[in-house]
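Quick mapping for you: the protein sequence lines, in order, are chains P and E. For what it's worth, this note's numbering labels the leading residue of the first sequence as 20, then goes sequentially. For what it's worth, this note's numbering labels the leading residue of the second sequence as 2, then goes sequentially. In this text, a Cβ means the ideal position worked out from N, Cα and C, and glycines have one as well. Heads up, the thing below is written out as structure tokens.
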Amino acid sequence: MLFNSINFLIFLPIVFIIYWLVAGKGLKVQNILLLISSYFFYACWDWRFLFLLIFSTLLDYCTGLQMCQASNQGARKFWFWLSISVNLGFLGVFKYYNFFATSFTEAIATLGLKVNPWTLKVILPVGISFYTFHGLSYVIDIYRNRIKAEMNFIDYAVFVSFFPLLVAGPIERATHLLPQIRRKRNFEYTKAVDGLRQILWGLFKKIVIADQCALYANEIFNNSAGYSGPTLLLGVFFFTIQIYGDFSGYSDIAIGTARLFGIDLLRNFAFPYFSRDIAEFWRRWHISLSSWFKDYLYIPLGGSKGGIWMKIRNTFIIFLVSGFWHGANWTFIIWGFLNALYIMPSIIFNTNRNHLDIVAHRKYLPTFKELYSIGITFGLTVFAWIFFRAENVSHAFQYVNGLFKHPGAYFLLGIYLKYINIIIFIMIMMTIEWFGRDKQYAISKIDNRYPIVIRWALYFSLIGVIYYFTSTGKPQQFIYFQF
Amino acid sequence: MNRFIIKSILFFLIIAMAIILIPFFFKNASAGSSDYMAAIIDKHRRIDIITSPKIILGGGSNLAFGIDSKELEKTFGMPVVNMGLHAGLGLAFILNELKYSIKENDIVFLSIEYFLDNEGDYALKKNVINFYRPANKFYSGNYFTEIDIYLEKSQKIFKNIFSENDDFKNTSSSQKAEIPLYSRQAFNQNGDIISHLDKPNPREIGGRSKFRYQYWEGIEEINRFYIFAKSRNVNVFFLFPNFPISEYDKNEKVISLLETDLRKDLKVEILNSPNSMTFPESYFFGTVYHLNKLGRKIRTNKMIEILNENADVQRCIFKSRSVKTIPEL
Numbered sequence: 020m021l022f023n024s025i026n027f028l029i030f031l032p033i034v035f036i037i038y039w040l041v042a043g044k045g046l047k048v049q050n051i052l053l054l055i056s057s058y059f060f061y062a063c064w065d066w067r068f069l070f071l072l073i074f075s076t077l078l079d080y081c082t083g084l085q086m087c088q089a090s091n092q093g094a095r096k097f098w099f100w101l102s103i104s105v106n107l108g109f110l111g112v113f114k115y116y117n118f119f120a121t122s123f124t125e126a127i128a129t130l131g132l133k134v135n136p137w138t139l140k141v142i143l144p145v146g147i148s149f150y151t152f153h154g155l156s157y158v159i160d161i162y163r164n165r166i167k168a169e170m171n172f173i174d175y176a177v178f179v180s181f182f183p184l185l186v187a188g189p190i191e192r193a194t195h196l197l198p199q200i201r202r203k204r205n206f207e208y209t210k211a212v213d214g215l216r217q218i219l220w221g222l223f224k225k226i227v228i229a230d231q232c233a234l235y236a237n238e239i240f241n242n243s244a245g246y247s248g249p250t251l252l253l254g255v256f257f258f259t260i261q262i263y264g265d266f267s268g269y270s271d272i273a274i275g276t277a278r279l280f281g282i283d284l285l286r287n288f289a290f291p292y293f294s295r296d297i298a299e300f301w302r303r304w305h306i307s308l309s310s311w312f313k314d315y316l317y318i319p320l321g322g323s324k325g326g327i328w329m330k331i332r333n334t335f336i337i338f339l340v341s342g343f344w345h346g347a348n349w350t351f352i353i354w355g356f357l358n359a360l361y362i363m364p365s366i367i368f369n370t371n372r373n374h375l376d377i378v379a380h381r382k383y384l385p386t387f388k389e390l391y392s393i394g395i396t397f398g399l400t401v402f403a404w405i406f407f408r409a410e411n412v413s414h415a416f417q418y419v420n421g422l423f424k425h426p427g428a429y430f431l432l433g434i435y436l437k438y439i440n441i442i443i444f445i446m447i448m449m450t451i452e453w454f455g456r457d458k459q460y461a462i463s464k465i466d467n468r469y470p471i472v473i474r475w476a477l478y479f480s481l482i483g484v485i486y487y488f489t490s491t492g493k494p495q496q497f498i499y500f501q502f
Numbered sequence: 002m003n004r005f006i007i008k009s010i011l012f013f014l015i016i017a018m019a020i021i022l023i024p025f026f027f028k029n030a031s032a033g034s035s036d037y038m039a040a041i042i043d044k045h046r047r048i049d050i051i052t053s054p055k056i057i058l059g060g061g062s063n064l065a066f067g068i069d070s071k072e073l074e075k076t077f078g079m080p081v082v083n084m085g086l087h088a089g090l091g092l093a094f095i096l097n098e099l100k101y102s103i104k105e106n107d108i109v110f111l112s113i114e115y116f117l118d119n120e121g122d123y124a125l126k127k128n129v130i131n132f133y134r135p136a137n138k139f140y141s142g143n144y145f146t147e148i149d150i151y152l153e154k155s156q157k158i159f160k161n162i163f164s165e166n167d168d169f170k171n172t173s174s175s176q177k178a179e180i181p182l183y184s185r186q187a188f189n190q191n192g193d194i195i196s197h198l199d200k201p202n203p204r205e206i207g208g209r210s211k212f213r214y215q216y217w218e219g220i221e222e223i224n225r226f227y228i229f230a231k232s233r234n235v236n237v238f239f240l241f242p243n244f245p246i247s248e249y250d251k252n253e254k255v256i257s258l259l260e261t262d263l264r265k266d267l268k269v270e271i272l273n274s275p276n277s278m279t280f281p282e283s284y285f286f287g288t289v290y291h292l293n294k295l296g297r298k299i300r301t302n303k304m305i306e307i308l309n310e311n312a313d314v315q316r317c318i319f320k321s322r323s324v325k326t327i328p329e330l
């Protein structure tokens with residue numbers, strides 16, 4: 020069930036009404052309802068993988084309890100590693116087995132030996148990377164005595180499988196979400212309205228921006244050999260906007276939906292394309308994953324305590340792992356590597372925390388220097404997205420080569436005018452985002468300060484545009500569902 | 002809570018009313034008996050009138066735009082009905098349509114577009130049903146799909162208010178004015194499109210895509226159709242569709258995996274290989290499955306050659322031709 024499908028449009032109000040009107044009286048009933056609806060939501064993708072989700076939940080719940088009740092460190096260690104290895108084992112089989120088998124065969128082939136790779140026709144269970152990371156963070160936090168194990172299975176199961184975040188995050192922490200699940204939620208009008216507004220903005224970014232950009236980006240990437248440099252540049256620009264609109268749109272819908280149920284999820288995006296350097300970009304892009312890697316990988320590896328070389332090594336490790344997390348393909352690893360390279364100057368010169376504030380705060384426009392920094396950062400990320408989007412490494416390099424084909428064509432206005440409609444929509448979105456960049460999401464400013472007529476007129480206009488661009492037939496998938 | 006619910010109901014009621022009322026206030030631009038999809042009426046009229054045995058071509062628009070059925074008739078001495086209309090209807094629809102139409106001793110040649118979706122586009126199917134009521138038997142709808150279809154219809158009209166109908170972007174306005182390329186009148190008696198034969202090729206070829214391999218669910222669907230056809234004493238054969246060489250090269254790996262699956266699991270005899278039906282881009286008209294005059298001629302000749310070389314096909318044709326036909330009442 021996709022957030023942008025008619026099924027979800029029916030599912031959400033039903034669950035909402037039952038949740039507040041019927042189950043709203045007691046915490047236990049609220050959580051049971053959330054769990055049932057989350058499992059139903061997940062089963063709509065593929066009911067067979069529901070068993071995997073339940074198994075994974077049970078495993079982490081039981082190992083968490085066992086760790087807390089363990090009489091000695093050895094037993095704690097045993098239960099900890101059992102959970103880690105089973106969780107990563109599932110991820111390895113479902114997501115990476117074929118990649119390793121094929122890569123191994125190719126490596127052997129370079130030595131002149133022939134091995135038949137035994138590849139499986141494995142379907143990737145939707146959301147596996149996300150709920151596995153939920154479970155891992157919970158188990159690691161217990162092992163490190165940051166939290167106590169959750170005794171109530173229902174509460175823990177809701178933490179893992181709460182439907183707005185189940186398939187593509189934000190990747191939650193037990194320390195943030197579990198206390199909210201344990202507490203009875205009372206209906207808050209402003210929170211619910213804000214949730215709906217955020218859903219609306221998320222749908223706009225997904226349907227109007229991302230899905231339209233996808234049409235052009237797919238066409239250009241799939242036929243890159245036949246296009247000249249400027250069109251290829253536009254292709255990767257469209258993909259850059261597509262992936263932002265798609266994933267931040269998804270996150271807005273997820274966060275907005277959770278707010279309808281009185282739950283606050285972690286922020287996932289904070290206007291990353293207005294970043295002034297790569298370090299700032301990574302503090303603003305897929306925040307829940309970046310901070311997960313920081314807390315559960317970078318810091319345990321020693322973080323920045325062991326001198327500059329350790330800092331560099333650890334930075335490369337988290338970016339390579341982050342790339343690999345996105346998918347079993349060398350293109351993602353190169354994408355991670357590129358980002359690690361980009362961030363190196365600020366790591367070496369210790370400038371990675373230079374831009375912790377909001378760009379051009381309380382000003383309408385950025386300074387020339389800020390604009391220049393934003394442009395450079397944006398350009399670097401655009402280049403890295405080529406590797407993220409390409410089918411394979413050779414396709415990526417062929418694409419990069421193509422950018423230098425017919426350089427004179429870069430000055431032909433006609434090439435850009437061909438895509439003027441979508442470019443206008445992108446500019447509108449970016450302008451709205453710029454003026455809302457000091458908020459959680461771009462249109463959160465449209466609150467009670469404005470008369471209802473103006474607010475509703477704006478909402479109806481947005482809905483009209485979304486309705487216009489909604490694809491007939493099957494709704495478009497979200498990119499991050501494949502991860 | 003009450004305030005929120007009342008306001009939400011009011012808000013969504015306004016939207017719902019707008020969506021529901023759009024079709025009542027604005028005319029659906031694509032409606033009308035000259036619509037491309039209305040050709041289904043003529044195709045069924047022909048398939049119902051002609052007594053069996055006959056040759057039936059089943060598939061999407063690759064057949065409508067890519068076969069000279071009269072040439073097949075001449076060669077094999079049997080009537081030919083080209084049922085190819087639109088791949089967007091989905092494989093299930095196409096095969097169900099054939100199930101209701103085939104009769105004993107007929108020979109069916111399936112030429113299905115690569116990885117054709119089983120379900121197809123509901124709005125398109127609904128559009129077809131508007132023209133040809135019996136077509137509602139060809140798909141399994143439910144309450145939700147009916148709502149879905151209505152919403153799509155409303156949306157289509159909403160879009161038409163703000164822009165021209167962009168269903169067939171390859172058709173320029175001047176071409177539309179001259180001769181309706183994508184209309185019911187574009188088909189000949191056999192069900193082949195002929196309106197485009199003397200037209201210059203559109204500048205671009207649409208429908209290019211990079212396939213991602215996955216086991217094609219259509220194999221099971223075709224096998225079920227095959228069992229049904231066999232029980233009616235109807236012979237079924239499978240042919241890979243026409244495709245531009247450039248697109249084939251790009252997708253060769255995936256297509257060869259599909260071919261392996263088909264050769265392993267398909268119960269229907271496969272008469273050709275995918276690359277035997279690949280042609281230069283200059284033979285195509287507007288999309289990767291539509292052929293122009295030259296492409297259509299070459300593909301038809303190629304198909305005749307393939308059918309002539311296959312002993313099973315020859316046996317079937319011979320057997321069907323020798324059946325003493327009894328006019329149906």
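Quiz item: Would DSSP call E:Gly-207 helix, strand or coil?
Solution: Residue state, collapsed to three classes: strand.
Exercise. Mind listing the chain E neighbours of P:Thr-489? Cutoff is C-beta to C-beta under 8 Å, in chain order.
Key: Within chain E, the residues near P:Thr-489 are Gln-156.
Quiz item: P:Pro-319: buried (16+ other C-beta within 10 angstroms of its C-beta) or exposed?
Solution: Per the 10 Å Cβ criterion, exposed.
Quiz item: Nearest-angstrom Cα distance between P:Leu-308 and P:Ile-161?
Solution: Taking the CA atoms as reference points, P:Leu-308 sits about 19 Å from P:Ile-161.
Practice problem: Pull up the distance between the alpha-carbon of E:Gly-121 and that of E:Gly-219, whole angstroms please. | Solution: Using only the alpha carbons, I get a separation of about 12 Å.
Quiz prompt | Chain-ordered neighbours of E:Lys-160 on chain P, where CB pairs are closer than 8 Å | solution = Against chain P, the beta carbon of E:Lys-160 has neighbours under 8 Å at Tyr-487, listed in chain order.
Practice problem: Could you say which of P:Leu-71, P:Tyr-80, P:Phe-351 lies nearest to P:Val-112 if we only look at CA atoms? | Solution: Comparing C-alpha distances from P:Val-112 to each of P:Leu-71, P:Tyr-80, P:Phe-351 shows the shortest one belongs to P:Leu-71.
Practice problem: Consider the Cβ of P:Ala-211: report whether some Cβ of chain E lies at a distance smaller than 8 Å. | Solution: Interface criterion met: the Cβ of P:Ala-211 is under 8 Å from a Cβ in chain E.
Quiz prompt | Neighbourhood of P:Ile-377 by C-beta, 8 Å cutoff - its chain only, sequence neighbours within 5 removed | solution = Hits under 8 Å: Arg-456, Asp-457.
Quiz item: According to a CB-to-CB cut-off of less than 8 Å, which residues of the region 198-227 of chain E neighbour chain P?
Solution: So the list reads Arg-209, Ser-210, Lys-211, Tyr-216, given in the order they occur along the chain.
Exercise. Output the distance between the C-alpha atoms of P:Leu-252 and P:Leu-390, rounded to the nearest integer angstrom.
Key: Each residue's Cα considered, the two are about 20 Å apart.
Quiz prompt | Beta-carbon proximity check, E:Lys-100 vs E:Phe-285, cutoff 8 Å | solution = The answer is no: Cβ separation not under 8 Å.
Quiz item: Is the CB of P:Asn-242 under 8 Å away from at least one CB in chain E?
Solution: For P:Asn-242, the answer is yes, since a Cβ of chain E falls inside 8 Å of its Cβ.
Self-check item: Own chain, CB closer than 7 Å to E:Ser-321, minus 5 neighbours either side, in chain order
Solution: Here the set comprises Pro-54, Met-79, Asn-106, Ile-108.
Exercise. State the start and end residues of the unbroken alpha helix (DSSP H) segment that holds P:Leu-130.
Key: No alpha helix (DSSP H) contains P:Leu-130, which DSSP labels as neither H nor E.
Exercise. Using a Cβ cut-off of 8 Å (strictly closer), state whether E:Arg-4 contacts chain P.
Key: Interface flag for E:Arg-4 against chain P is set, since a Cβ pair is found closer than 8 Å.
Exercise. If I'm right that E:Gly-59 touches E:Leu-111 with Cβ under 8 Å, what's the distance once you round it to whole angstroms?
Key: Yes, E:Gly-59 and E:Leu-111 are in contact; Cβ-Cβ is about 5 Å, under 8 Å.
Quiz item: With a cut-off of 8 Å, do at least 3 Cβ pairs link the region 262-278 of chain P to the region 214-229 of chain P?
Solution: Yes: at least three Cβ pairs fall under 8 Å.
Exercise. Return the chain-ordered ranges of every beta strand (DSSP E) run that is complete within the region 180-250 of chain E and spans a minimum of 3 residues.
Key: Annotation: the region 180-250 of chain E contains the following complete segments of the beta strand (DSSP E) (minimum length 3 residues), in chain order: 236-240.
Practice problem: Compile a chain-ordered list of the residues in the region 204-233 of chain P whose CB is closer than 8 Å to at least one CB of chain E. | Solution: Those would be Phe-206, Tyr-208, Ala-211, Val-212, Leu-215, in chain order.
Exercise. Report the residues of the region 47-75 of chain P with a CB closer than 7 Å to any CB of chain E, ordered along the chain.
Key: Listed in sequence order: no entries.
Self-check item: Rounded separation between P:Trp-66 and E:Gln-190 - CA only
Solution: When rounded, the distance between both Cα atoms is 48 Å.
Practice problem: Put E:Phe-285 into one of helix, strand or coil per three-state DSSP. | Solution: Three-state result, E:Phe-285: strand.
Exercise. With E:Val-314 as the anchor, note down where its alpha helix (DSSP H) starts and where it stops.
Key: DSSP places E:Val-314 inside the alpha helix (DSSP H), whose first and last residues are 312-323.
Exercise. Locate the alpha helix (DSSP H) running through P:Gly-214, then write down its first and last residues.
Key: It spans 208-222 - the alpha helix (DSSP H) in which P:Gly-214 sits, taken as one unbroken run.
Quiz item: P:Asn-369: buried (16+ other C-beta within 10 angstroms of its C-beta) or exposed?
Solution: When all chains shown are included, P:Asn-369 counts as exposed.
Quiz item: Is the CB of P:Trp-39 under 8 Å away from at least one CB in chain E?
Solution: Yes, contact with chain E.
Exercise. Identify the continuous beta strand (DSSP E) that holds E:Asn-63 and give its terminal residues.
Key: No beta strand (DSSP E) holds E:Asn-63; the alpha helix (DSSP H) holding it covers 62-65.
Quiz item: What is the rounded straight-line gap between the Cα of P:Ala-128 and the Cα of E:Glu-306?
Solution: Here the alpha carbon of P:Ala-128 sits roughly 42 Å from the alpha carbon of E:Glu-306.
Quiz item: Is the region 210-218 of chain P close to the region 321-338 of chain P, with three or more CB pairs under 8 Å?
Solution: No: the two stretches stay apart, fewer than three of their Cβ pairs being nearer than 8 Å.
Quiz prompt | C-alpha distance - P:Ser-24 paired with P:Leu-279, whole-angstrom precision | solution = Roughly 18 Å between the two C-alpha positions.
Exercise. Under 8 Å between beta-carbons, which chain E residues line up against P:Ile-434? List them in chain order, please.
Key: Result: empty, since nearest Cβ-Cβ is about 15 Å, beyond 8 Å.
Quiz item: Would E:Lys-177 be called buried (16 or more neighbouring beta carbons within 10 Å of its own) or exposed?
Solution: Only weak support exists for where E:Lys-177 lies, its pLDDT of 40 falling under 50; the value from the coordinates is given anyway. E:Lys-177 comes out exposed.
Quiz item: Does any residue of chain E bring its CB to less than 8 Å from the CB of P:Ser-25?
Solution: Here residue 25 of chain P is Ile; the residue named in the question, Ser, does not match the sequence. At least one chain E Cβ lies under 8 Å of P:Ile-25.
Quiz item: The alpha helix (DSSP H) with P:Val-412 in it runs from where to where?
Solution: Start and end: 412-421.
Quiz prompt | Sequence ranges, alpha helix (DSSP H) only - wholly within the region 240-279 of chain P, length at least 4 | solution = Listed in chain order, they are 248-279.
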